[in-house]
Structure formats: structure tokens, C-alpha cells
Amino acid sequence: MTNVKPERAGNRLKRFLVFVKTRMYFRRKASVKNFCFNEQGAVSLYLILIVVPIFLFCSVFIDFARIKAAENQAENAVKTGLRSTLSAYSPALQPYGLFALEADPDQSKQLFGKVVRGNLSERADPNTFRYIDTAMTPGSEQLLAMYTLANHQVMKQQILEEMKYRAPVQFGLEITDKFTSTGVTSQMKSAARFAAQAEKAEKLLEKRDKALDEAWDAFVKIRTKAGTDYPFYDTGLSQLNELSGRVGIHTVDEVTQMINDGKARLQKWNDRLRSINHSIRSLADAGEGAIEEIRELRKEKADLQADIDDLQQKIADWEQLLKDVLEYAKLLAALKLKSANDYEQLSGLLAQFNEELAKAKKANEELNAELRKGREEGASGNLAADEVFAHIYGMGAQDFDDYASKAAAVVALFGGLKSQLQSVVFFTADDYAGTSEANRQYLAKVNELYAEQNPKESARNRNKTQASAGQKEQRSKAQKYLDQALKAMGGCGVISGDPFSSMYARLQGGDDGFFQRYMLINGQQAAVPLMEETDLDNADKAGKTAMKLIDGLADLLTAARDDMYMNEFALGKFSYRTYGIEKDSSGNVKNTLVLSAPETHPLSNQEVEYIIYGSNSCAGNYGKAYAELFAIRLAIGTIESLMEPQNELLNVGSPLLVFLAAVAEGAVKAQADMIRLLDGEAVPLSAKIGKGFTLYYKDYLRLFLLLHGRDKVMLSRMQALLQLNTGFDLRAKATYVQGSATMSVKLWFMPGLMRAIGPLGVHGCIPAGNRCEFVKTAYLAY
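Position one of the sequence shown corresponds to residue 0 (numbering that gives the first Met the number 0), numbered consecutively onward.
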């Protein structure tokens, strides 16, 4: 049959229908005229008019049904082709529970096309009747790999499918449930709370004690100054009182004037005396006749001499008075000046005292608030170490207020002495009595406060010294075990040397490393922020790190479960430090039969550690795992010690001392436990809590996977290990494919009519000659 365009076929059909209608019209007109004379052909024409549409409908329906049947057959064939294609999975990835195409794209495409053709009816015996003869257009098959194992979502989905039926997940849940049901999690939270509160309380104690020490130093300086000031003022006031008694109300000018007047009078008298002496000598030369006159002159001379002597004595007294007045003025000015300077110094010391005391009071309030908070939070806890908070050297707000007011009273008393001196113009006996009493009270008050406060300061300092010495001793005790742990972190343990540097270079080698490549493929930053280091340098840092670790772990153990599928996949498919040497309760090495054969992996006995920590060396990954494992064991040992602390440590009243002593005991136990764990033995979680609950090294890795689990990072590292172990670039390992092919089926009736009704959407094929073509597409994933 020749190809005819659908438009032309439609026009022919229309012309045929117009012809039939015209014939029927003229026949009706003729039948009116010849009805009674001729009825031949009427039934035949009627049957033709009925049968033709029915035939057309049936033919279209039959081809339509055949097309739909062919489409269904083609769809099944394409899906079968996809299933057959996916059946050629990679045998190297299957032991990991992962499925991806093994063959390259061309081979997979050929397999797909072969299977599709083999499932079409055209392959049937040509001598038999075939209702449909579905055929695939040669070369039309297409196979597109849409997703690969390099995709995190695809990888994770396959891991979940693999692991949701596996018993190890239940084992992992059993471990977390045991942590909770045995009370270990509760104790971990209590210990972490105690450590945090002990650190805060100790810092506030140190802050308070430092401020109190500074305040006490300022007060001691006030007392020392009072001890030196008192005798000075006592002597000075006594001298001033004595001078005041001699000086009276005289002033320097007044006494000076008196002296000057006396000296002028004395000069006149001396001149008169010389005149009398001259007259006496002259009369004596005159002879005896002047005896009476000489007698009179001598009497006058004697009287004048007596007056001169008396005036000289007065002048001398006045000069001494002037000295006394000057000394009085000088001493009074010196006392005023010194009292002003001393008061300024005392005020400065008091301000320093008050400033430090205010700091101490604030720190004490914060400390009391923290202790109240600790009592409220620890009400349901069962750590005996909490008792230490009740032995902390306590101070109330009233203690600080009394201390401050009494110190202020000391300075106020001296201020009264200073004020009295400053107001003095003429120092009287009353002034002396007032100032002397103020000076005495000043000394008495400062000594009274010193006598009252010194025992308190001594007791506080004794506690502080005892706590400091105890802390130093416990730090020293723990340090040797921490040093051993630090040394053990530096090597690869069961493996001598590091023959894996080239493998780590491939895993982590710059921008082209496997890990970085898979991170970038999934839209993640290749540079991963470093995990916080487990600091075991000293007891303080180790204890803090251990408590922080178990606090975060306790939160995860009570909340997180979904991530365990990923964690168990890592532990079940890859190797770790004690893989192959773990021992049962009888001390025999346990058999390990795993399809992925971790013992044959090139990065032997360290893959899980790499997944968790991502270091670029064996020593780096082992070291970090060792540090965290030691920290966990240190935390458990610390908890046990906090449950039964020594009473003598509690009585010191230093939470940090109790905590450091627990850390020291925990370090001893942790070091012994580490040897057994790395030797493949199971170690009881605790001798006091969770009895009978033992854990292997592998179980701790479970906890670390849970603690540090970051999906994107862990998946990328597992993908990198898969590429290292299998040699396959997972970007080429498809797990989700799309297959399509162009099919055709032979039309039995009127292809032109089928083309005409094609635009109506009745069928989905495109007529091509005497066949009708259509495309079938299907999707399938592992």
C-alpha cells in the first residue's frame, strides 16, 4: 500500500459521503414518483449505508486494540530489558550490600537491546498467526544511566536497604538501651553536671578569694599605716598642747613687736647707762665735791641696770616665746598637712578595699547562685561528691556589709581627727582632748577589726592553701598515666611503621583525592572542619574533655537511633584496629565471616577509624580513636570515684580538688582498661554501674560513630574506601537507569484513516507506511 497523507484520505472520505447523500436524495425523489411501480435496490442501499460505518468503526477499533496491545507488550519488553541489564551487577560491590552496573555503557546498551527484541512478538514463528507483530526499530534502543553510587542519596538509600534487616542494628540499639536502662547515662549526665559546676564554682571561688585577698591587703596597709600614724600624732599633739600652753594666744607678729620694742628700749637704757658712767668718771675727776652727785648717779645707774637686766630677761623670754610660737605654728601646720595627706591615702586604700570587696561580694553572690542551682539540678542525682559543695567556705551578704562598714568606720575616725586639726586656729586643751581621743579610737578600731577579721582570713587561706596543695598532688598523680596515654597515641599500635602513606595519599591527596572528589560531586566543601582534639595534656584538660565527651554522648544515647544503620554498615563492612583479634568470654579469638572480607582490604585494621576521623595517616586515626577511648574510660573511672569520694577531700571545700582526685583515680583505671581493649578483650563498662555490661573496642567505635556522625563526610569517606578497595570509580557505577526504544506494529485496516484520527489523540503511535511507530521508555533502579 502506498503512503497517503492523512489530509488526502480525509478528503476522499468526505467526497464519498457527499456522493452517497446525493444518490440518496435523487432516489427519494424518484421513489415518490415510482413508489407504486418499482422497489428494487432499496434494501441493498440501506444495508450499505448501515454496514459501511460499522465496518469502518470495527476496523479502527481492531487496529486501535492491536496498537494498545503492542504498546503494553513493548513496555513489558523495555522493563524486562532494564531488569536484565541491572541483573549484571558488580560482583565486587555486592559483598558490601551495594548494587551497581558492572558492564560499561555500550555493553549494557547491547544487552538491553537484545533482551527487548527477544521479548517482542516479531521474534515468533513467522508461519504462525500473530495478532500483533511488535517490532523494534534497529538501532533505536537507548540506555541512560541517571544516578550512580557516587551520589550520597543513592548510596545512603542502598545502605539503609542493606542494613534494615541486619541483626547488628539491634545489637547497636541494645548497647544504647543498656546505657539508659542501667543508669549509666544518668550517671554520665550527673558527672558532666558535677564537672561543669565544679569548674564554675572553683573559678568563682578563685575570683572571690583573689578579691578578698586584695581587700585584706588594702586593710592591712590601713592597719600598718595606723600603727605608724598613731605614735606620730600622739607625740605631735602632746607637743602641740605643751606649746599651746606656753604660747597662749600670742602671735608671731605680736611677739616680734614686743621683742623689737624691748630691744629699742634696751638700747636707750644702755645709752643712758653709758652716759651715767661717763658722768661718774667726769665727777670723779672733779674731786671730793662731787661725791653726793656721784652717789646719786650711782644709785640711778643701779636702778637702770636692774631695769636693763629685767628687760633683757624679758627680751630673752620673748625670744623664746617667739621660738615657741614659730614651733607651734610649724607643728600645727605640719599636723594639718600630714593629716590631710594621710586621710587622702587612707581614703585611697579604703576605695581600693571597697572595690575589691565589691568584686568579692559579686563573686560570692554568683557562687551562691551556682550552688543553689546545683542543688536544684542535682536533687535527683546520686553522686556523693555533690556533698563537697556544702563544705565550701561560705560568706553571706551581711558579712561583706559588716566588713565594709567597719573598715569605713576606721577611716571615718581618722577623718574626724583630720577635721579637728584643720579647724584649729588656737590649739586649746579641749582641742587636745578631742584630737587625742580620735587618734586613740582610730588605732583601737583598726586593731579591733583586724583582730576580728584575721581569724576568718586565716581560715579561708588555710582552706585555699590546703586545696591548692591537694590539687597539685592529684595533678601529679594523674600526669604519669596521661603521659603514657599520650605516648600510646603516637603510633599505629598493632602495625609497625606506616606502610599506608600511598593509600592515604590516594584517599586524601589534595583536590584530586577520592574523598575530596566525592564531597565535591555531592555539592559539599572538600575541606572539612577539623574535629575538636581530645586534650590529655594534663589532668584539668583531660577531665574537662572526658566530661564534655560523655555529656554529648549521653544526649545522643537517649535521642539518636536512625544513624545507627549507617554506623553498623561501616562496622560490618570495613576493618578496624581489633578486627580479627577480638576474644570471647573464654579468651578465644572470635570467628569473623564477613562477605566484604575486611581482612583483605589494603587499608587493613583502620578503615572505620578513618571513616570517623579522616586523618591522612594511620597514626593520626589510631591516635584520635585512642584519645577518645581513653577519655571515655577516664570518664567512667572518674564517675566511679565521684560516687565514693574521700571524706577528707570533701571537707576541704574545693570542688576542683574532688574532681581532680576522681580524674587521677580514673586515669589509673583507664590505663589498665586500654591495654585489655586493644588486645581484643571485652571490658566491663563499670564496676559500680551497669554490672555485667561489657564492651569491646568495636562497641566504642559505635559510640564514636554516633558522636561524630556527619552523613556527607562519612559517606564520602566510605565511597573513597570502596574505590580504594575495588578499584572502581563510583561515578561510573550506575544504580538507576532509563531505557527507551522505538517500536512499530503493522496496521491491518486503512492506515490513512488511522493517520486522520491521529491528531485526535485516540492512539499514541505515528503511522509510517502500513506500520505505526511509538516510543516506549521505562526507569528502574536497584
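Ideal Cβ placement from N, Cα and C applies to all residues, glycine included.
Between the CA atoms of residue j and residue i - distance to the nearest angstrom
{"i": "E343", "j": "A411", "result": "12 Å"}
{"i": "A141", "j": "N150", "result": "Note that residue 141 corresponds to Gln in the displayed sequence, not to Ala. If you take the alpha carbons of Q141 and N150, they lie about 23 Å apart."}
{"i": "Y564", "j": "E70", "result": "42 Å"}
{"i": "G509", "j": "R516", "result": "9 Å"}
{"i": "V50", "j": "V744", "result": "27 Å"}
{"i": "T637", "j": "N646", "result": "16 Å"}
{"i": "Q600", "j": "S574", "result": "Strictly speaking, residue 600 in this sequence is His, with Gln absent from that position. So the two alpha carbons sit approximately 8 Å from each other."}
{"i": "C771", "j": "M742", "result": "8 Å"}
{"i": "P52", "j": "S58", "result": "10 Å"}
{"i": "E581", "j": "T591", "result": "9 Å"}
{"i": "G613", "j": "N620", "result": "7 Å"}
{"i": "V774", "j": "K623", "result": "58 Å"}
{"i": "A225", "j": "A191", "result": "50 Å"}
{"i": "S500", "j": "A618", "result": "10 Å"}
{"i": "E369", "j": "K199", "result": "8 Å"}
{"i": "L720", "j": "M713", "result": "11 Å"}
{"i": "F388", "j": "P654", "result": "7 Å"}
{"i": "N340", "j": "G433", "result": "20 Å"}
{"i": "R116", "j": "S739", "result": "12 Å"}
{"i": "L382", "j": "K455", "result": "30 Å"}
{"i": "A541", "j": "H390", "result": "25 Å"}
Residue nearest to residue i in terms of C-alpha spacing, selected from the options
{"i": "N446", "options": "S685, L700, T227, D208", "result": "T227"}
{"i": "L265", "options": "L236, Y232, P230, A305", "result": "A305"}
{"i": "S616", "options": "I307, L506, L348", "result": "L506"}
{"i": "F568", "options": "A225, E74, P94", "result": "P94"}
{"i": "G784", "options": "Q397, E436, D429", "result": "Nothing can be reported for residue 784, as the shown portion of the chain is limited to 0 through 781."}
{"i": "F111", "options": "L448, D132, L648, N75", "result": "N75"}
{"i": "R716", "options": "I520, V588, Y146, F218", "result": "I520"}
{"i": "S640", "options": "A663, L723, Q465", "result": "A663"}
{"i": "Y146", "options": "A450, D539, L729", "result": "L729"}
{"i": "A767", "options": "T136, S89, W268, L92", "result": "T136"}
{"i": "D160", "options": "V114, L203, R439, G96", "result": "Strictly speaking, residue 160 in this sequence is Glu, with Asp absent from that position. That would be G96, whose Cα lies nearest to the Cα of E160."}
{"i": "F399", "options": "F514, E364, I221", "result": "E364"}
{"i": "E355", "options": "K267, E213, L570", "result": "E213"}
{"i": "E531", "options": "L236, E295, R271, H707", "result": "H707"}
Residue i - DSSP class collapsed to helix/strand/coil
{"i": "A100", "result": "Before going further, note that residue 100 is Leu rather than Ala in the sequence given. In this structure, L100 counts as strand in the three-state DSSP scheme."}
{"i": "R770", "result": "strand"}
{"i": "K471", "result": "helix"}
{"i": "S743", "result": "strand"}
{"i": "A197", "result": "helix"}
{"i": "M530", "result": "coil"}
{"i": "V736", "result": "strand"}
{"i": "K775", "result": "strand"}
{"i": "P498", "result": "coil"}
{"i": "K224", "result": "helix"}
{"i": "T427", "result": "coil"}
{"i": "L684", "result": "coil"}
{"i": "I765", "result": "strand"}
{"i": "L706", "result": "helix"}
{"i": "A731", "result": "helix"}
{"i": "Y88", "result": "strand"}
{"i": "L694", "result": "strand"}
{"i": "A525", "result": "coil"}
Integer-rounded CB distance, given that residue j should sit under 8 Å from residue i
{"i": "A777", "j": "L81", "result": "6 Å"}
{"i": "L481", "j": "A666", "result": "6 Å"}
{"i": "M673", "j": "L628", "result": "7 Å"}
{"i": "K687", "j": "M642", "result": "6 Å"}
{"i": "Q452", "j": "Y402", "result": "7 Å"}
{"i": "A671", "j": "T544", "result": "With 8 Å as the limit, A671 and T544 do not qualify as a contact, their Cβ atoms being about 20 Å apart."}
{"i": "L348", "j": "I221", "result": "5 Å"}
Unbroken beta strand (DSSP E) run spanning residue i, endpoints
{"i": "A144", "result": "141-147"}
Segment limits, alpha helix (DSSP H) that includes residue i
{"i": "R632", "result": "617-642"}
{"i": "Q645", "result": "Where Q645 is concerned, there is no enclosing alpha helix (DSSP H), given that its DSSP letter is neither H nor E."}
{"i": "L594", "result": "L594 -> no alpha helix (DSSP H), and no H or E assigned at all."}
{"i": "D132", "result": "Here D132 belongs to no alpha helix (DSSP H), and DSSP marks it neither H nor E."}
{"i": "G138", "result": "Note, G138: premise wrong, no alpha helix (DSSP H); not H, not E."}
{"i": "Y392", "result": "Run containing Y392: none; DSSP gives neither H nor E here."}
{"i": "Q157", "result": "151-162"}
{"i": "L119", "result": "It is not in any alpha helix (DSSP H) - L119 carries neither H nor E in the DSSP assignment."}
{"i": "E399", "result": "Position check: residue 399 holds Phe in this sequence, whereas Glu was assumed. First-last of the alpha helix (DSSP H) with F399: 396-422."}
{"i": "R516", "result": "513-520"}
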